[in-house]
Every structure is written in C-alpha cells, then in structure tokens.
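Throughout, our numbering is defined as the position within the sequence shown, counted from one, plus 12.
Glycine included, every Cβ here is placed at the ideal spot set by N, Cα and C.
One structure is given here, and the rest of the page talks about it.
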Amino acid sequence: MKIAVYPGSFDPTTNGHLDVIERASRLFDRIIVAVIKNPEKTPRFSFKERMAMLEASVPHCDNVEVESFDGLLVEYVRQKKACAVVRGLRAVSDFDYEFQMALTNRRMAPEIETVFLMTDYRYSYLSSSFVKQIAGLGGDVSGLVPGPVTAYLKRSRQKKGER
Ligand code: PNS
Numbered sequence: 013m014k015i016a017v018y019p020g021s022f023d024p025t026t027n028g029h030l031d032v033i034e035r036a037s038r039l040f041d042r043i044i045v046a047v048i049k050n051p052e053k054t055p056r057f058s059f060k061e062r063m064a065m066l067e068a069s070v071p072h073c074d075n076v077e078v079e080s081f082d083g084l085l086v087e088y089v090r091q092k093k094a095c096a097v098v099r100g101l102r103a104v105s106d107f108d109y110e111f112q113m114a115l116t117n118r119r120m121a122p123e124i125e126t127v128f129l130m131t132d133y134r135y136s137y138l139s140s141s142f143v144k145q146i147a148g149l150g151g152d153v154s155g156l157v158p159g160p161v162t163a164y165l166k167r168s169r170q171k172k173g174e175r
C-alpha cells in the first residue's frame with residue numbers, strides 16, 4: 013500500500029491543486045491531502061473551511077482523503093506511514109522554495125521522498141493569492157477553482173463588504 017501526503021495551505025483550493033490531486037491519485041494507492049492548520053501566512057479561510065472546500069472538490073477520487081495537520085510535516089508523514097510527499101510544480105519560480113523544502117525534509121527524514129508533479133499547462137500561472145484577489149474584487153473565478161469553492165469565495169467577499 014503506497015500512501016502519499018499532499019500538504020499545503022489550500023487557501024483556497026484551485027483547479028491547479030485539483031489537477032495535482034488527480035494525477036497523484038493515479039500513481040499512489042492512497043492520497044492524504046493534508047491541510048496545514050496554522051500556516052506562516054494568516055489564511056483567509058479557517059482550516060475547517062479549507063478542508064470543506066477540498067472535500068467538496070474531490071468526491072470523484074475514491075482513494076483521496078482530506079485531513080489536517082500541525083507541526084512538522086515529516087512527523088505527520090511518518091505517523092501516517094506514508095512513503096512520499098507530493099508537491100505540485102507550476103513554473104521555474106516555484107523551484108527554489110520547493111527545492112529547499114524537499115532537501116530540508118530529506119535532512120530530517122531521509123526515508124521520505126518528495127515527488128513533484130507538474131500541473132497541466134492551463135494552470136501553470138494559477139495561484140490561490142490571485143484567485144482571492146480576483147474574487148475579492150468581484151471578478152469571475154470560474155474555470156480557476158472547483159465549483160464548490162466559488163460559493164466560499166462569494167461568501168467571503170460578502171462578509172468583507174459587511175465589515
Ligand atoms: O501551500 P503551501 O503554503 O506552499 O504549503 C507549505 C507547507 C504547508 C507544505 C509547508 O509550510 C510545511 O510543510 N509546513 C509544516 C512545517 C514544516 O514541516 N516545516 C519544515 C519544512 S520546510
């Protein structure tokens with residue numbers, strides 16, 4: 013049973029994330045999408061909302077589960093008995109950060125491999141930050157995020173407007 017963990021802040025899930033999940037689910041027996049509870053940057057959505065958005069986006073992937081984690085990623089991966097961490101690569105600009113993170117994790121846990129999956133070229137420019145910006149300014153995010161995520165973005169804009 014090959015288990016892989018796909019960690020991230022998913023604030024919110026984009027079609028790029030979904031593309032990576034679908035690719036990973038064809039390579040591994042089980043994928044645990046692990047939502048970090050407290051990322052370095054304060055997230056727009058709570059971890060419960062970020063998990064709910066993911067759960068609503070992956071019902072078609074039988075071997076995908078959504079969980080949350082806190083603390084060191086490698087400790088969580090060990091606890092889950094997973095052999096790999098999956099990360100998505102969009103453009104060369106992602107490489108530096110991903111390279112550092114993969115080698116830092118390898119230093120702490122040499123038995124865990126980081127596997128990079130390239131997103132489809134249609135999503136190579138897509139980021140959660142731009143999605144939040146576009147939605148916050150009333151732009152159209154259809155085609156950029158899974159359907160269920162649109163409602164969360166709309167609600168978040170309404171809440172902001174009320175403040
Ligand atoms: O979606 P993101 O924000 O690029 O995901 C980053 C994440 C959550 C994978 C990374 O910050 C992480 O693994 N954090 C947990 C803390 C940790 O293990 N840090 C050491 C590895 S560099």
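Three or more beta-carbon pairs drawn from the stretch 21–33 and the stretch 43–61 are found closer than 8 Å, and the two stretches are therefore classed as touching. Beyond the five residues adjoining it in sequence on each side, G28 comes within less than 6 Å, by CB distance, of T131, Y135, L138 in the same chain, given in chain order.
Checking the 7 Å criterion, the Cβ of I44 is out of range of every heavy atom belonging to ligand 1. Chain order is used for the residues whose beta-carbon lies nearer than 5 Å to a heavy atom of ligand 1, namely P19, G20, S21, I48, L84, L85, M113, T116.
Counting only runs of 4 or more residues that sit fully inside the stretch 24–81, the alpha helix (DSSP H) segments are 27–39, 59–69, in chain order. In the structure shown, L149 falls within a coil segment according to DSSP collapsed to helix, strand and coil. With 16 or more other Cβ atoms from the protein chains shown falling within 10 Å of its own Cβ, Y18 counts as buried. Here the alpha carbons of S37 and A46 stand approximately 14 Å from one another.
No Cβ-Cβ contact shorter than 8 Å links N117 with V70.
For S140, the secondary structure class from DSSP, reduced to helix, strand or coil, is helix. Taking every protein chain shown into account, the CB of V32 has 16 or more other CB atoms within 10 angstroms, so this residue is buried. Contact annotation: A16 and V98 have beta-carbon atoms nearer than 8 Å.
Of the other Cβ atoms in all chains shown, fewer than 16 fall within 10 Å of the Cβ of V104; this residue is therefore exposed. Following the DSSP letters along the chain, one finds M130 inside the beta strand (DSSP E) bounded by residues 125–130.
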